[in-house]
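Asks: To convert, note that position 215 of the sequence shown is 1313 in the numbering used here; the numbers rise steadily by one, no gaps. Backbone N, C-alpha and C fix where the C-beta goes; we use that ideal spot for every residue, glycine too. Mind having a look at this structure? Questions to follow.
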Amino acid sequence: MTTDRRSRTTPTLILANAVLTMLFQIACNQSPPPAPNPAPESKAPATANKDVYVIFEGPWAFAPDPKNPNAVVALAPKTKSHRDLIVQTRDQKLPAGVYDLSFPPRGGTGAGEVDPNILRTKIDPQNVQHVLDTKSDRYAIRIPKPEAYVELTHYHSRAGSTYPPDATTEKDYVTSVSLRYSVPSLTGFSLAGTPDTGVFNPLLLRVQTPTINFSIDPAQEPSPSDKCHTHEREAFRDLTRLVNVNLFLDFPGDASDCHAKDPQNPHPVKAEFDPTFRDLLTRGSAGFRRRDLLATFCFFGNKVDCMAPVMVASD
């Protein structure tokens, strides 16, 4: 008789399958759970840079620092025809000497773009180094290369290497300038240096508005009896002597006899000054203009501006 083998093996196969299924489920339940996906890293919001303007008012020239390719030097003569150099407030006066203005970490490229109305001239690096090394009647401020030299004020005049300067040199030359920088913070500015006499304690500068101010004011208000811009001619002469460049300043609207009394000439006739304030507004309106944006940052109120051009060294 033939035996049906499927009938004898079927229960065994069913039992084996059940056991295997149970063991597989146990193994799956004991395996570690999958690791959760890592949370995305939180990124702090980037801090937007701010524009800060370092303003120079007075007879200033700017040239590359001979010993630091990332810096420039602002140079100005210290003379009896000007008051002491002031930084930020009237209470903070600087004696003649060499100073360093330090910044917080900066952005930008230090491109040093120059306003087309700024007077450009070749300034020999050796002359700059001579000014820095010689304890003389001068101010020197080392500063990082700016993003740009921006016009703050200007006045109509002529400036050239021949005397009197040719009429083709006539333009609205910049008479006070603002150096623009890009910084992440308005804290971290300081001034240190070595005066020609005495000592100077490092000064932390409070920058509440985005400006730092260096100002050298004329010692006297312009006189109504002076029709020749004598102060400006004298200031420009002192500046060109300081950096040893051959340039002269003239004003197209001055009286015909002004050249004979010009202090830029070898034998000028001494001009008389009558220190009054009456003529300030009249002279100021004859070609003087202040940029609206930076005018809000003027910090000394009523003050007298020197209308001689500032200079920036050409490449």
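Measure the C-alpha to C-alpha separation of F1397 and T1187 and round it to an integer number of angstroms.
Replies: Walking along the sequence shown from the start, residue 1397 turns up at place 299. Walking along the sequence shown from the start, residue 1187 turns up at place 89. For F1397, the predicted structure reports a pLDDT of 41, less than 50, and the residue's modelled location is therefore unreliable. A value from the coordinates is still provided. So the two alpha carbons sit approximately 8 Å from each other.
Asks: How about the stretch 1238 to 1249 and the stretch 1205 to 1217: do they share at least three Cβ pairs that are nearer than 8 Å?
Replies: Result yes; three or more Cβ-Cβ pairs closer than 8 Å.
Asks: For the pair the stretch 1216 to 1229 and the stretch 1304 to 1322, tell me if three or more CB-CB distances fall below 8 Å.
Replies: Contact fails: fewer than three Cβ-Cβ distances are below 8 Å.
Asks: Would you identify the three-state DSSP class for D1163, choosing helix, strand or coil?
Replies: By one-based count along the sequence shown, residue 1163 stands at place 65. It is a strand residue.
Asks: Between which two residues does the alpha helix (DSSP H) harbouring P1193 extend?
Replies: Here residue 1193 is taken as the residue at index 95 of the sequence shown, counted from 1. Taken as a continuous stretch (DSSP letters only), P1193 belongs to no alpha helix (DSSP H), as it is neither H nor E.
Asks: Beta carbon of P1175, beta carbon of D1235: below 8 Å?
Replies: If you number the sequence shown from 1, residue 1175 lands on position 77. If you number the sequence shown from 1, residue 1235 lands on position 137. Yes, the Cβ-Cβ distance between P1175 and D1235 is below 8 Å.
Asks: For H1254, report the span of its beta strand (DSSP E) as first-last.
Replies: If you number the sequence shown from 1, residue 1254 lands on position 156. Run containing H1254: A1246 to G1258, per the beta strand (DSSP E) assignment.
Asks: Candidates T1219, C1404, A1353 and T1273: which alpha carbon is nearest S1323's?
Replies: For the purposes of this step, residue 1323 is taken as the residue at position 225 of the sequence shown. For the residues T1219, C1404, A1353 and T1273, the minimum Cα distance to S1323 belongs to A1353.
Asks: I'd like to check one pair, S1274 with L1250: are the Cβ atoms closer than 8 Å?
Replies: Along the sequence shown, one-based indexing puts residue 1250 at 152. Along the sequence shown, one-based indexing puts residue 1274 at 176. A contact, by the Cβ cut-off of 8 Å.
Asks: Since V1272 contacts D1213 with CB under 8 Å, what's their CB separation in whole angstroms?
Replies: Your numbering for residue 1272 matches position 174 in the sequence shown. Your numbering for residue 1213 matches position 115 in the sequence shown. 6 Å between Cβ atoms; contact.
Asks: Which residues share a DSSP beta bridge with F1154?
Replies: Position 56 of the sequence shown, counted from the first residue, corresponds to residue 1154. Its beta-bridge partners are V1275 and F1312.
Asks: What is the rounded straight-line gap between the Cα of A1172 and the Cα of I1239?
Replies: The residue you call residue 1172 lines up with position 74 of the sequence shown. The residue you call residue 1239 lines up with position 141 of the sequence shown. In a straight line, the C-alpha of A1172 is about 5 Å away from that of I1239.
Asks: Mind checking who P1293 pairs with in its DSSP beta bridge?
Replies: By 1-based counting over the sequence shown, the position of residue 1293 is 195. Partner(s): G1195.
Asks: Let me check understanding here. Comparing Cα to Cα, which of V1196, R1339, A1317 and K1178 lies closest to Y1237?
Replies: In the sequence shown, counting from the first residue as 1, residue 1237 sits at position 139. Nearest of V1196, R1339, A1317 and K1178 to Y1237, Cα basis: V1196.
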